[in-house]
Each structure stands twice: as C-alpha cells, then as structure tokens.
Amino acid sequence: MKVEILSTGEKIKRARIYKGLTLRDICEEKISVSKMSCIENNKVTAEPWILEYISEKLDLDLKYLMHDVRDQILENIKVFKTYKENNSYSNNYIENVLYNLEYAETYRYYDLACEILHLLFSYHLSKNNFEDLRIIIPRSYDLCQKSNDELFQLKYYMDIAVYLSSNGEYSQAISYYSSVRKRLKELKVEDKSQLIRATYNECAALITMEDFDAAKERCDELVEIVDYSETDILKGDIYHIFSILALHTNDYEKFKDYEEKTLYYYRNDVRRKAMCFHNFALTMFKNNKRSTAKEYMNQAIEQYPKENTEQLCSFLIIAVQTLIENGILDLAQKVTDEVLNYAINLDSTKFIESAYYYKAVILQMQNNYSSSETYMNLSLDALVRYGSKSKIYKRYLEMGEMYHKLGEIAESIKFFNLAMQLEKKM
Numbered sequence: 002m003k004v005e006i007l008s009t010g011e012k013i014k015r016a017r018i019y020k021g022l023t024l025r026d027i028c029e030e031k032i033s034v035s036k037m038s039c040i041e042n043n044k045v046t047a048e049p050w051i052l053e054y055i056s057e058k059l060d061l062d063l064k065y066l067m068h069d070v071r072d073q074i075l076e077n078i079k080v081f082k083t084y085k086e087n088n089s090y091s092n093n094y095i096e097n098v099l100y101n102l103e104y105a106e107t108y109r110y111y112d113l114a115c116e117i118l119h120l121l122f123s124y125h126l127s128k129n130n131f132e133d134l135r136i137i138i139p140r141s142y143d144l145c146q147k148s149n150d151e152l153f154q155l156k157y158y159m160d161i162a163v164y165l166s167s168n169g170e171y172s173q174a175i176s177y178y179s180s181v182r183k184r185l186k187e188l189k190v191e192d193k194s195q196l197i198r199a200t201y202n203e204c205a206a207l208i209t210m211e212d213f214d215a216a217k218e219r220c221d222e223l224v225e226i227v228d229y230s231e232t233d234i235l236k237g238d239i240y241h242i243f244s245i246l247a248l249h250t251n252d253y254e255k256f257k258d259y260e261e262k263t264l265y266y267y268r269n270d271v272r273r274k275a276m277c278f279h280n281f282a283l284t285m286f287k288n289n290k291r292s293t294a295k296e297y298m299n300q301a302i303e304q305y306p307k308e309n310t311e312q313l314c315s316f317l318i319i320a321v322q323t324l325i326e327n328g329i330l331d332l333a334q335k336v337t338d339e340v341l342n343y344a345i346n347l348d349s350t351k352f353i354e355s356a357y358y359y360k361a362v363i364l365q366m367q368n369n370y371s372s373s374e375t376y377m378n379l380s381l382d383a384l385v386r387y388g389s390k391s392k393i394y395k396r397y398l399e400m401g402e403m404y405h406k407l408g409e410i411a412e413s414i415k416f417f418n419l420a421m422q423l424e425k426k427m
C-alpha cells in the first residue's frame, strides 16, 4: 500500500471539504480568502500563526499540519534505507520509491531526489536489473547536476563505479573510485563514510585484479579511517577485506588477527559471517590451501541462516559453484540436492533450474554423460521460461557440446543450430 504524501495546503483543503466548509467559513476576518486559496494550492507558505489558527478551526493536529512534503519524503527515505540495510524489500517498494521521487522532483527537492535515486540504483543492482539501471543512470546524472551539490555528484560516480564492477569492468571502476577518493580528501569532508566506502571499494576491485601492492596502499589508508565507520557492520566489512588481502599475500598471522576482528564486528549478523567464511575459503582455494578451504566452506554452509529460504538458496548456489570449480564434488552434490528440495518447496523455477543444471555439471565432471543428459534437459525446460537470450544461447552451446561427447551428432547439431539462430536475435 502506497503511503500518500500531502502538502500542508492539501491537508487543509481536504479537511475543509470533508467538514463541508468554504474558504470564507474558515478564514472569517482573520485571513484573506485569496491568501488561503494560495496556501491550499501550494503557491505560498503559511505562517506559523495561520497554521495554529487553522489547526484549531479544522480540529487538526498542529504537528500533522506542519509536517510538510519535505518532512514526509525524509521519513520515507529513512524507511527505504532500512529495507536496503536488511536486504529485504516490501512488495510495493518500487511503487513507493517512484512515488516519492515524483514528489521530490515536483517540489525541486533535488537533494532528496538524488538520495532516492541512489536507493533505487542500489535496489536494481542487488537484483541484477541491468536494463532498469541503464534507464535510471542518465536521470541520476541530471538530478545530481541540478542539486548543485558536489557530494551528490560524487555519490553518483560511486554508483557508476559499483555498476562497472558488477559488470566485471574493474579497471574503469577503479578509476572512478580513485577519483572520488582523491576529491573527497581534497574537500576535507568531515563525514568520512563516503571516503571509507570509496577506498574500501577501490581496494576490493584491486584485489580482484590481483594488484596486491596497490591494494595494500589502499588498505593502509583504510586503517587510518576505519574508526570513523558508522556501524560495526562496516568495520566488519573493512577487516574482512584486510583478511582477504592477508591470505593473498600469505601473511597467515595477520589473517588470523583480522579474521578475529571481522567475526567480532559481524557478531550479530550470522548471514555475513557465513558469507565471510565462504570468501575466506574461495581465497584459500586460489592459494592452494585446499584442506583449510574445505573446513571454511563447511562452516559457511552450516552457519548460513535458514529463515529466509530464497536468500539461503542464492547463497548455496554460490557455494556449489565454488565447490565445483575446485573439484569438491561430493559436497557439491549434497548441497545441490538441498537446493533442489528448497526450490521445489518454494516452487521457484529459477532455483529449480539452477539445481538441475549443477547436478548435470557434476555428473559430467564424473564422466556420467548419460545421467547428465536428463538433468540438462530438465534445466533447459525451466530456463526457457525465465532466462535471458544470452543465458539460453550459452546453454544451447553446452547442450551441443554434451551431445557431441555422447556421440549423438544429430542432437548436437540441432542445439548448435538453435544457438546460431538465437545469436542472430541478440
């Protein structure tokens, strides 16, 4: 349900009409009718004494009457931020956000409009809604320019950097992060939250690019400002990335120290702790510490909270991918079966498709192509119902390759032809 936003004038007009009163009835000799008409139509702002008079005349709460459009949008933004922090959105989230954005633009509250678009950007990014992101990016740029506030413009560049990172364009993302970081330091902004986030994200991108020397420089900067972090979660995120870098540079003593601090700051967030264990395991696999990596993977899978089944399935699929990539097939098979059971109970085509697909991949890695065929076809049936053309195209190629290995040339050619036909439409 959409929370309606009303200006002070609209509240007065609605209450007056509801009581069956005319403008002259409420104005009496105190206020001119023309002025009250202007107040109701948002052409002028009512003085405090007028609001006090009207609140008594119409039996309205004075605080309610003084709570104007800007105040209401600000309150709604606080609610939207809690959705983002908890990574749990209401069904009408988009409708409410766009409704507030429309009011912010209409009233030229460009600072609030920028804040709302930032939240909308974060939502679409978390859902991988890249088409929606491409639509709102130019709108965000336009509103940030209208705000005449360089900090909002820098926040826009941060959003673009995050978008680039999510698309694997790390070099460009690093360039944006670096520019924002340097400019914030030049401006000597008292609030360090944006500087912390820019430095943190740049460090993460550098680690992904395996530029560990540059990442170490950014980490050294983060050490100096970590105590300015607004929340324990952000401190946990920072020590988390310190831990990852320590693993990459084979400094196990530092890793254990940073791991302890990470888990301390994540102490009230079991989901983050589990994801943290997964990331440690992933890094350990890359650095040939397989035995310890398996221990951390088991901890990650065991500790991830079970309350939100959709989030659990998403996490377990990531875990399965990591296990398959590193040849831990027995555990991958067990987790995939768990995902399939959860997915069936959820009646989720997306998760059912993923479970069937990874069961097929595991069987192929075990050279059991005949059993793999069944699950690949079940997966494809689900994928064509919701998947993008790009994903279906790649699956056709995989199917063609699978049938080639099975020696079924006709089927192999059929799927390669389907891939070629779909490629022309992309």
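For the sequence shown, the numbering used here begins at 2 and goes up steadily by one.
From the three backbone atoms N, C-alpha and C, an ideal C-beta is built for every residue, glycine too.
Can you tell me whether DSSP reads Asn289 as helix, strand or coil? In the structure shown, Asn289 sits in coil (DSSP, three-state: anything other than H, G, I, E or B).
So, under 8 angstroms CB-CB, Glu354 and Ala383 are touching, yes? Tell me the CB distance rounded to an integer number of Å. For Glu354 against Ala383, the beta-carbon gap comes to about 4 angstroms, under 8 angstroms, which counts as contact.
Here's the rule: buried if 16 or more other CB atoms are within 10 angstroms of the residue's CB, otherwise exposed. What is Leu63? exposed
Do Arg219 and Cys204 have their C-beta atoms within less than 7 angstroms of each other? yes
Do you know how far the Cα of Ile27 is from the Cα of Ile51? Whole-angstrom Cα-Cα distance: 11 angstroms.
Using a Cβ-Cβ cutoff of less than 6 angstroms, which residues in the same chain neighbour Tyr404 once the five nearest sequence positions on both sides are dropped? Glu412, Ser413
Can you grab the Cα-Cα spacing for the pair Glu231 / Tyr158, in whole Å? 21 angstroms
Helix, strand or coil, according to DSSP, for Glu261 in the structure here? helix
Identify, in the order they occur along the chain, each residue of the same chain with its Cβ nearer than 7 angstroms to the Cβ of Tyr110, setting aside the five sequence neighbours on each side. Arg71, Ile74
In the DSSP assignment, find the alpha helix (DSSP H) that holds Glu187 and state where it starts and stops. 171–188
Do Thr375 and Tyr359 have their C-beta atoms closer together than 7 angstroms? no
Comparing alpha-carbon positions, which option in Asn87, Lys156, Leu22, Gln365 lies nearest Asp60? Leu22
Which residue wins for smallest C-alpha separation from Ile234, given the options Tyr178, Glu103, Arg268? Arg268
Taking all protein chains shown into account, do 16 or more other C-beta atoms lie within 10 angstroms of the C-beta of Val98, making it buried, or fewer, making it exposed? buried
Mind pulling the alpha helix (DSSP H) runs of 4 or more residues that sit fully within the stretch 315–348? If we require 4 residues or more, the alpha helix (DSSP H) runs fully inside the stretch 315–348 come out as 330–347.
Which value, in whole angstroms, describes the spacing of the CA atoms of Arg25 and Lys44? 18 angstroms
Given this structure, state the Cα-to-Cα distance separating Leu223 from Gln173, to the nearest angstrom. 21 angstroms
Using three-state DSSP, classify Arg268 as helix, strand or coil. coil
Same chain, Cβ closer than 7 angstroms to Arg396, neighbours up to 5 away in sequence not counted: If we look at Arg396 and ignore the five residues flanking it on each side, its Cβ neighbours are Leu381, Leu384.
Would Asn202 pass as a contact of Tyr229 if the rule is Cβ separation under 7 angstroms? In this structure, Tyr229 does not lie closer than 7 angstroms to Asn202 by Cβ.
Which whole-angstrom value is the C-beta distance of Ile226 and Lys193, which I expect to be below 8 angstroms? Confirmed, about 5 angstroms.
Looking at C-alpha atoms only, which residue of Glu211, Tyr54, Leu155, Asp270 is the closest neighbour of Thr250? Glu211
Whose C-beta lies closer than 7 angstroms to the C-beta of Lys236 among residues of the same chain, with five residues either side of it excluded? Val227, Ser230, Tyr266
From Lys12, Tyr54, Glu296, pick the residue whose C-alpha is nearest to that of Glu30; which is it? Tyr54
Consult DSSP for Val224 and reduce its assignment to one of helix, strand or coil. helix
Given this structure, state the Cα-to-Cα distance separating Ser292 from Tyr104, to the nearest angstrom. 56 angstroms
Residue range of the alpha helix (DSSP H) that Gly401 falls in? 390–407
For the 8 angstroms Cβ check, are there 3 or more pairs between the stretch 305–313 and the stretch 344–351? Yes, they touch.
DSSP state of Ser33 mapped onto helix, strand, coil: coil
For Cys115, which residues in the same chain have their Cβ closer than 6 angstroms to its Cβ, ignoring the five residues on either side in sequence? Leu144, Cys145, Ser148, Phe153
Please return the same chain residues whose Cβ sits closer than 6 angstroms to the Cβ of Leu283, not counting the five positions on each side in sequence. Thr323
Apart from the five residues on each side of it in sequence, which residues of its chain come closer than 6 angstroms, Cβ to Cβ, to Gly328? none
Grab the span of the alpha helix (DSSP H) containing Gly10 for me, first residue to last. 9–19
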